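K.L.:
One line per chain: the protein sequences are A and B, in this order.
The first sequence begins at 1302 in the working numbering and counts up by one.
The second sequence begins at 1302 in the working numbering and counts up by one.
Number of protein chains: 2
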Amino acid sequence: MAGQSKENTRYLSDTAADDDTIDFEIIELLFFAYRDFTSDPDAILEKSGFGRAHHRVVHFVDREPGMTVADLLDTLKITKQSLARVLKQLIDSGYIRQETGPEDRRQRMLYTTEEGQALARALAEPQSRRIADALARSGPGARETVKRFLAGMKNAAD
Amino acid sequence: MAGQSKENTRYLSDTAADDDTIDFEIIELLFFAYRDFTSDPDAILEKSGFGRAHHRVVHFVDREPGMTVADLLDTLKITKQSLARVLKQLIDSGYIRQETGPEDRRQRMLYTTEEGQALARALAEPQSRRIADALARSGPGARETVKRFLAGMKNAAD
DNA sequence: AAAAATATGTCAATAAAGCTGACATATTTT
DNA sequence: AAAATATGTCAGCTTTATTGACATATTTTT
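Below you can see the structure in the form of structure tokens.
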């Protein structure tokens, strides 16, 4: 494939032209923002031997105490088999506990223990600080604008 | 574990108190926004038999034609062994091609083929539309604010 | 009361995408 | 000539997800 460098240059020009119709700038900003946003808790999780999946479970159970397994599956949009392993590890390690549903005894209501709460806070803290710093540098009223933007990015079905 | 519901309520109150110091609201908005943002291209990728890793490679090579393997590793922050499998598949399928570096012949400069370009655009298009919709509903000046926020979320090292 | 549906749990096999370590080859730099 | 660099590759491992099948307890429907 010799003598193709002119064609490469043509590709480049075409790209530049099409770039106008696609918002590559914010697509990339989002990618890097999220990559680094999740790297904060990853460092903490490594010490406990947990991963991102555990983080998500502890977070949502801490935020909505008493949610059922079905609620959690719906929030995370994963299968129950995927959840099972992670949830079992968190229960065995004493971060989450289950209680039989008071009305429907088939249900398992989920709660964080005090250790689970502490873990959830420790994971959220550096993320929260990162957000506060970013907002502070985004001008006045940034919080409301960012909230509306992020809410608009998510599927309406939620 | 009967008679524990009072303790649960106590947990709840503690949670509410601590919530003030941690920005759970934006943490969750970011999670849902990114989850749904990545679900758009996932649907397209499934048809090609590719995954998110292929998406990222095609995207960055399309955006920066002629980047080297080392550049790509640095951008993606993965190991060369991880990249190798994905990159090989993309080259074998005709979406990406390599050219020996004109000055340093050890380097492999990466380019998208026309098919690769088309794939990158097809994947970016629904994400771009989602961003445009979200920005439109975020008020005037939202674009600049969101850009500053996202840039501030990423590590300075970049 | 019996049958069907539901909520959860579990076993087994598989896949995607990352990782580490080790080593090979070609090329450039020292 | 030796060392460093850019890339490629082999082998094995881990995490986190998947699907399918089936078991148990409980509630709802018939």
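The beta-carbon is built from N, C-alpha and C at its ideal position, and this holds for glycine as well.
These numbers were taken from a predicted model, which means no experiment stands behind them.
Which of the three DSSP states, helix, strand or coil, is assigned to glutamate 1404(B)?
P.N.:
Coil at glutamate 1404(B), not helix or strand.
K.L.:
Does isoleucine 1397(A) come out as helix, strand or coil in the three-state DSSP assignment?
P.N.:
Isoleucine 1397(A): strand per DSSP, three-state reduction.
K.L.:
Just mark threonine 1322(B) as buried or exposed, buried being the case when its beta carbon has 16 or more other beta carbons within 10 Å.
P.N.:
Classification for threonine 1322(B): exposed.
K.L.:
Could you give the DSSP three-state label for arginine 1449(B): helix, strand or coil?
P.N.:
DSSP places arginine 1449(B) in helix when its eight states are reduced to three.
K.L.:
Per DSSP, what kind of secondary structure is arginine 1438(B) in: helix, strand or coil?
P.N.:
Residue state, collapsed to three classes: coil.
K.L.:
Out of Ala1443(B), Leu1411(B), Leu1451(B), Ser1383(B), which one is the CA nearest neighbour of valine 1362(B)?
P.N.:
Residue Leu1411(B) is the option with its Cα nearest to valine 1362(B).
K.L.:
For the beta strand (DSSP E) containing threonine 1413(A), name the first residue and the last one.
P.N.:
Run containing threonine 1413(A): 1409 to 1413, per the beta strand (DSSP E) assignment.
K.L.:
Measure the alpha-carbon distance for phenylalanine 1332(B) versus proline 1403(B) and round it to whole angstroms.
P.N.:
Taking the straight line joining both Cα atoms gives about 43 Å.
K.L.:
Are the CB atoms of leucine 1436(A) and histidine 1461(A) within a distance shorter than 7 Å?
P.N.:
Past the boundaries of the shown model lies residue 1461(A); chain A is included only from 1302 to 1459, so the question cannot be answered.
K.L.:
Where does threonine 1369(A) sit, in a helix, a strand or coil, going by DSSP?
P.N.:
Threonine 1369(A): strand per DSSP, three-state reduction.
K.L.:
Using a cut-off of 7 Å between C-beta atoms, extract the partners of lysine 1455(A) located in chain B.
P.N.:
Simply Phe1333, Ala1334, Asp1337.
K.L.:
Do leucine 1420(A) and tyrosine 1396(A) have their C-beta atoms within less than 7 Å of each other?
P.N.:
Yes; because the gap between Cβ atoms is below 7 Å, this pair is in contact.
K.L.:
Output the boundary residues of the alpha helix (DSSP H) element that contains threonine 1339(A).
P.N.:
Unbroken alpha helix (DSSP H) run through threonine 1339(A): 1325 to 1349.
K.L.:
Within its chain, find whatever has a CB closer than 6 Å to the CB of glycine 1417(B); leave out the 5 residues flanking it on each side and keep chain order.
P.N.:
Only Val1359, Tyr1396, Ile1397 meet the Cβ criterion.
K.L.:
How would you list, in chain order, the residues of chain A whose beta-carbon sits under 9 Å from the beta-carbon of isoleucine 1328(B)?
P.N.:
What isoleucine 1328(B) touches in chain A: Phe1338, His1360, Ala1425, Gln1428, Ser1429, Ile1432.
K.L.:
Using a Cβ cut-off of 7 Å (strictly closer), state whether valine 1370(A) contacts chain B.
P.N.:
Closer than 7 Å: no.
K.L.:
Going by the beta-carbon positions, is the gap between lysine 1455(B) and alanine 1334(A) smaller than 7 Å?
P.N.:
Yes, the Cβ-Cβ distance between lysine 1455(B) and alanine 1334(A) is below 7 Å.
K.L.:
Closer than 7 Å by C-beta to glycine 1352(B): which residues in its own chain qualify, once you throw out the five before and the five after it? Chain order, please.
P.N.:
The answer, listed in chain order, is Leu1346.
K.L.:
Would isoleucine 1432(A) and aspartate 1337(B) be called neighbours here (beta carbons separated by less than 7 Å)?
P.N.:
No, the Cβ-Cβ distance between isoleucine 1432(A) and aspartate 1337(B) is not below 7 Å.
K.L.:
If you follow the alpha helix (DSSP H) that aspartate 1321(B) is part of, which residue opens it and which one closes it?
P.N.:
Aspartate 1321(B) -> no alpha helix (DSSP H), and no H or E assigned at all.
K.L.:
Report yes or no: is there a C-beta of chain B within less than 7 Å of the C-beta of isoleucine 1323(A)?
P.N.:
Cβ-Cβ to chain B under 7 Å: yes for isoleucine 1323(A).
K.L.:
Hey, out of Ala1344(A), Asp1341(A), Thr1401(A), Ser1439(A), whose CA is closest to proline 1368(A)'s CA?
P.N.:
As written in the sequence, residue 1368(A) is methionine, which differs from the proline given in the question. Answer by Cα proximity: Thr1401(A).
K.L.:
Is the distance from the Cβ of arginine 1438(A) to the Cβ of glycine 1350(B) below 7 Å?
P.N.:
Not a contact, by the Cβ cut-off of 7 Å.
K.L.:
With a threshold of 7 Å between beta-carbons, can threonine 1380(A) be considered close to chain B, or not?
P.N.:
With 7 Å as the cut-off, threonine 1380(A) does not count as an interface residue toward chain B.
K.L.:
In whole angstroms, give me the CA-to-CA distance for isoleucine 1392(B) and aspartate 1375(B).
P.N.:
When rounded, the distance between both Cα atoms is 20 Å.
K.L.:
Under 9 Å, CB to CB, which of the residues in the segment 1435 to 1448 of chain A have a partner in chain B?
P.N.:
Going along the segment 1435 to 1448 of chain A in chain order, one finds Ala1435, Leu1436, Ala1437, Arg1438, Ser1439, Gly1440, Gly1442, Ala1443, Arg1444, Glu1445, Thr1446, Val1447, Lys1448 with a Cβ nearer than 9 Å to chain B.
K.L.:
Buried or exposed, going by whether 16 or more other CB atoms sit within 10 Å of the CB of proline 1441(B)?
P.N.:
With fewer than 16 Cβ atoms within 10 Å of its Cβ, proline 1441(B) is classed as exposed.
K.L.:
Going by CA-CA distance only, name the one from Lys1348(B), Asp1341(B), Glu1415(B) that's closest to proline 1427(B).
P.N.:
For proline 1427(B), the nearest C-alpha among the options comes from Asp1341(B).
K.L.:
Within 7 Å (strictly less), CB to CB, does leucine 1451(A) reach chain B?
P.N.:
Output row for leucine 1451(A): interface = yes.
K.L.:
Using the beta-carbon count (16 or more within 10 Å), is serine 1314(B) buried or exposed?
P.N.:
Its pLDDT being 42, under 50, serine 1314(B) is placed unreliably by the model, and the measurement read from it follows with that caveat. With fewer than 16 Cβ atoms within 10 Å of its Cβ, serine 1314(B) is classed as exposed.
K.L.:
Classify threonine 1380(A) as helix, strand or coil using the three-state DSSP reduction.
P.N.:
The answer is coil: DSSP assigns threonine 1380(A) none of H, G, I, E or B.
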